[in-house]
Structure formats: C-alpha cells, structure tokens
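2 protein chains.
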Amino acid sequence: MSNLQTFIQENQLVIEQKLAELINELTVPTELKDAMAYSLLAGGKRIRPLYVLAVLEELQVKNEDAVIVACTIEMIHSYSLIHDDLPAMDDDDLRRGKPTNHIVFGEALAILAGDGLVTLAFGIIARLTNLSAEQKLNLVDKLSFSAGAEGMVGGQVLDMLGEGKSLTMTELEQVHVNKTGALLSFSILAGGIIANASEEMMNALRTYAFHIGLAFQIQDDILDIEGTSEQLGKTAGKDVLSEKNTYPSILTLEGAKKHLHMQYDLAIEALESVNLHKGLLLEFANYITKRTN
Amino acid sequence: MSNLQTFIQENQLVIEQKLAELINELTVPTELKDAMAYSLLAGGKRIRPLYVLAVLEELQVKNEDAVIVACTIEMIHSYSLIHDDLPAMDDDDLRRGKPTNHIVFGEALAILAGDGLVTLAFGIIARLTNLSAEQKLNLVDKLSFSAGAEGMVGGQVLDMLGEGKSLTMTELEQVHVNKTGALLSFSILAGGIIANASEEMMNALRTYAFHIGLAFQIQDDILDIEGTSEQLGKTAGKDVLSEKNTYPSILTLEGAKKHLHMQYDLAIEALESVNLHKGLLLEFANYITKRTN
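Written out as structure tokens, the structure reads:
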C-alpha cells in the first residue's frame, strides 16, 4: 500500500469520527440534526479535510485542532452540495449514490440544513483552543473569502450564468477557480496557516493549490465523459446532455487531458521550489489527476 | 423630536451608507451583487444594527468598527429573510412593500445571494482593525451560535415543524427565542462586547435582550392582527389565515398584550439594575412594544 493510501485510510477514519462528534454535540431540533448529518456523514472522498492534514504531515507539525478545521471545510463543502442539488439549482436526485438531501428531507429543511452547516463552521473555528487568536482569525477570514461571494458562491453564479452560452477558456477557468478551486485551495492554505508556515512556503502552497484546484475540475469534466454513473455515484454524461461548458467541450477530450497535465506540472514545480515534491502532496496530485470517481 | 428619533435618524443614514459600501467593494459577478444589494439595501427598520450602536452610545464608548459589526448582523438578518421568503419556505412575494428576492432574481440567485451574505458577515468581522483579536473571535463565536442551527436556523425549523400543530406556550416561546430572539439579542450583546463591558453589565444586557426579543415577536404577532398590509409592507392577517401558532392564537389578543407588557417590565428591570433605565435602551423598548410596523 502506498504512503498516500495508508494516510488516507488512517485519516479518513479520524475525520469521519470528528464530523459525527461535531454534529452530535449540537443542541438542535432532531429533524435539523438528521438533515445536517445525512449529507455531512454521507462519506465522499474527504479530499479537502485530508489535504489540511496532509500539509501538516508534510510540514511535520502536529496540532489537535487541525482535524477540526479540516471538518469545518467539509461542512462548507457539504452545505454547498446540498444547495447545489436543489430543484432551483442543479436539480439533482442522486449524490454519492444516495438520494439528495431535499429528496429525503424536503426542500425547506435542505435549505436550512445547508444554512446551519455554513454558519456552524465559523463558530467552531472561533472556539478552537490550540491555535492563536491570529491563526483563528486568519482562518475565518480566508474561509469566508474562499467560500463566499468572492469565491465559491460567486463561482456557482458564474456557472449558472454561463449555461446555454459558449464560454471562452478564460471564462470557464474563472468559473472553476471560484466554484471548486477556491475551497480546495483554502484546504491546502489552512494546513499552512495551522503550521505557521513561512511566507515562502505559503506562496508555494498557494501556487500548488491553484493548479491542483484546476486539475481537480478538469479531471471531473473528463470523468463525466469517461466514467460510469456507478463509479461516480452520480449521473454520468450529464454535462454533455445539458450542453454544459466543460474543458472537453472547449478543448476536446484530448486537449482537456493535455491541459490537465500542464496544471499538474505547474503544481509539482511549486512543490519542488520548497522541496516538498517527494511526499504526500505529490502523491495527492497523482491521485487527483488519475482518480476514477 | 425624542432622543431616540434623533438617534435613529442619524444612525440609520450611517448604517445605510456602510451597508452600500460593504457590498459595492465586493469583486463578484454583477448579477450576484445586484441580488445581494437588492435585499440588503431595501430599507427596513434596521433595529438590529441600531441596537449595536445604541448600546455603545449608552456605555459611552466610541469604536469605528461598531457600525461595521452592526452591518454584518443586518447581512445575516437579510439573508434569513431571503431564504425564509423562498417558495419552499414561507413562499412570500412581498417584503417591505417590494417583490421578494426570488421574484426579482429567480430562486437560484436568491439562494446564492443569501449564501453570499451569511458567509460575508464572518469574514468582515475577522478583518476589522479597531477591535482586539479576542473581541473579534468572541463576535464570530456568538454570531455563529445565534444565527446558526442552535439559534435562528433552528428556530426556523421549529417554526416549520409546528405548522398545523397546536403548540404550547413553552413550545411557541422556544420557536421565538431562537427564530427572532437569538439574533436580536446578539445585536445587544455585540454592543457590550465591542465596549468591553463588565460581566455585570453583560448579564444585564443579556436579560434585557432576552425579554426584548420576545416582546418584539409578540408585537409582530399582534401587528399581524391589528396592522394593515400598507403599514407592514407585507401581507397582514396571514398568520390567522394560515392558522399559524402565535401569541394571540394561544393567549387571545388581550392575553398576548399582557404577556408583552410582562416582557417589557422584565427588560426594564434589567436596565435598572445597571442604571441604564433612563436612556436609549428604555426608549428602544418603548418603541418596539408600541411600533405599528
């Protein structure tokens, strides 16, 4: 088993347990807790929280709060999926092989479960005990920016507005840098913030994160064409059917694959500049660009 | 003109300007900015932000960040109204005399405008420059709690679950303590946090805030019966038509008015304990229990 596989196996368990703990300790109406837990504890790859922990591992820093910060990012990711799946948005019935939140709990509770998760994330960070006040404020600031109107929420809007139009590569990239890139990038930067990484290290992590974020989305687009619904746990081929703007639709499938490799190379180059190109962050890049789900 | 009227006139202007400034400085897609601004800048009484500033005035503390904190609370209030008005929730077409957000921008953009506002609030607080790190974290912590699943969002769920059922007074109170009370209370406490108020003062403010929060909701329920749609800027009489649980429906209109006065008395008692019963906070209590919209 590779280092990465061992790392993922061990840490996924820790993340799952902490996510369940953070939801269970809430004093909230049962129906709301169930709806929040349903999506948050529905498995998934946990790439974002794993990335937080991978950066700390690579920088050889241990901090008990890291897994909690990791979980708050997953809360934000989970809320965004609940809202994205709503009838008024992507209208998806299936997510990770299970009925989506609003199918099980109804639209109103799904909206509120999402609202509950995004709001909870910030409070949890503010209450941490093993980080300095400055580190916590830095995390709140950057998480708000990455997840909000200037990041993920804005990217979702751009994606929506682009429907039915032909986007240029620059426009498509702007969608993805915001919609999926911002929060994924934040996961990597959060590791650096928790580790009190140097300015040089933060810059390298930022560059790595930017290109990995794009690579992740390009591979997502490729998988929609090459993967099966079974592998993906969601409807495959939906992008083509709905004439969505994707890397393959603009660059052809071959062109998208080339673009993916370019992003990969730039990410690895950034790792090399700080001598982190032989460990988990390299393996993560390999995993993300070669994953089948 | 009373002190309160002068205070409100002067400060509403400052709040309106700051709200516009905070939205305008965002680098986000125009459509999203418009949708966020539409609801946030739609007027309204601005009771929550005014309360933040009123507490500071009473405690004779000046802080340039106070108006910004006040605005973040209005962002949270505004997002909650946008989501509450959605077809899947209260399905309201009219708010403050204007078409609701989803009527103008569509459901998807309304959901995302709300998501953008709630997420923005926390980042703005984290980036303030005239408060200590501890004060900012305290604000983020308490705002997250008051606005989230254990506060406002949970209250909204309880309200929804109570539809079509007969609630007891205790159950109704639990709805309102969370749904409207938590965020209104936070506004008052936020003033105390910004002013670095003593433990004794914070306790008095907390008691005052709790009872004012309830009084506010009771008056809301009374106005739904006694007010006109024109006065309210929303459909009057809707509670009765939809057989909603309200203070008048449980206690009769007379009983609700008595209960309102009891809450008022308890709020003023708390002010007396810290010698704040002759100023703006008293006048605010009078205003809230006698308002016609």
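Read top to bottom, the protein sequences are chains Z and E.
Just so we're aligned: 93 in the numbering used here is position 93 of the first sequence, and the numbers increase by one with no gaps anywhere.
Numbering-wise, the numbering used here comes out as the position in the second sequence, counting from 1, plus 1000.
Idealized CB from N, CA, C, for every residue including glycine.
- At the C-beta level, Z:Leu266 and Z:Glu58 stay beyond 8 angstroms of one another.
- Per the coordinates, the alpha-carbon of Z:Ala256 lies some 16 angstroms from the alpha-carbon of Z:Glu243.
- Against chain Z, a Cβ distance below 7 angstroms from E:Pro1029 picks out Gly154, Val157, Leu158, Leu161.
- DSSP lists no beta-bridge partner residue for E:Arg1096.
- Distance from the Cα of Z:Val153 is smallest, within the candidate group Z:His176, Z:Val104, Z:Leu131, for Z:His176.
- Counting every other CB atom within 10 Å of its CB across the protein chains shown gives Z:Met36 a total of 16 or more, marking it as buried.
- Under the three-state reduction of DSSP output, E:Pro1029 falls in the coil class, being neither helix nor strand.
- Residues Arg1048, Pro1049, Val1052, Ala1121, Leu1143, Leu1183, Phe1186, Ser1187, Ala1190 of the same chain have their beta carbon placed closer than 8 angstroms to that of E:Ile1073, with the five preceding and five following residues left out of the count.
- Against chain E, the CB of Z:Phe210 has no partner CB under 8 angstroms away; the residue lies outside that interface.
- In this structure, Z:Leu32 sits near Z:Gly116, with a CB-CB distance shorter than 8 angstroms.
- Excluding its 5 nearest sequence neighbours in each direction, Z:Gln135 has C-beta neighbours in its own chain below 7 angstroms: Ile193, Ile194, listed in chain order.
- The beta-carbon distance between Z:Thr289 and Z:Gln219, rounded to whole angstroms, is 6 angstroms. This is short enough to meet the 8 angstroms contact definition.
- Minimum Cα-Cα distance from E:Ser1002 among the listed residues E:Thr1027, E:Tyr1287, E:Lys1062 corresponds to E:Tyr1287.
- For E:Ser1242, no Cβ of chain Z is located within less than 8 angstroms of the residue's own Cβ.
- With 16 or more other Cβ atoms inside 10 Å of its own Cβ, Z:Gly181 counts as buried.
- DSSP places Z:Lys45 outside both helix and strand once states are collapsed to three, so it counts as coil.
- The criterion of a C-beta distance shorter than 8 angstroms is not satisfied by Z:Leu40 and Z:Met89.
- Counting only runs of at least 3 residues, the stretch 1066-1120 of chain E fully encloses no beta strand (DSSP E) element at all.
- Any Cβ of chain Z closer than 8 angstroms to the Cβ of E:Leu1013 would place that residue at the interface, and such an atom is absent.
- A straight-line Cα-Cα distance of about 23 angstroms links E:Phe1145 and E:Leu1086.
- Secondary structure of E:Arg1206 (DSSP, three-state): helix.
- Separation of Z:Ile23 and Z:Pro29 (C-alpha to C-alpha, rounded to the nearest whole angstrom) is 12 angstroms.
- Taken atom to atom, the span from the alpha-carbon of Z:Ile225 to that of Z:Ile250 is near 14 angstroms.
- In the DSSP annotation of this structure, the continuous segment of the alpha helix (DSSP H) that includes Z:Glu171 starts and ends at 169-176.
- Not a single C-beta of chain E is nearer than 8 angstroms to the C-beta of Z:Thr180.
- Contact note: Z:Thr6 does not reach chain E at a C-beta cutoff of 7 angstroms; the least C-beta distance is about 35 angstroms.
- The beta carbon of Z:Gln217 sits closer than 6 angstroms to those of His176, Thr180, all from its chain and outside the five residues before and after it, given in chain order.
- Counting only Cβ-Cβ distances below 9 angstroms, Z:Lys165 has no contacts in chain E at all, with the closest Cβ about 13 angstroms away.
- With 16 or more neighbouring CB atoms inside 10 Å of its own CB, E:Met1160 falls in the buried class.
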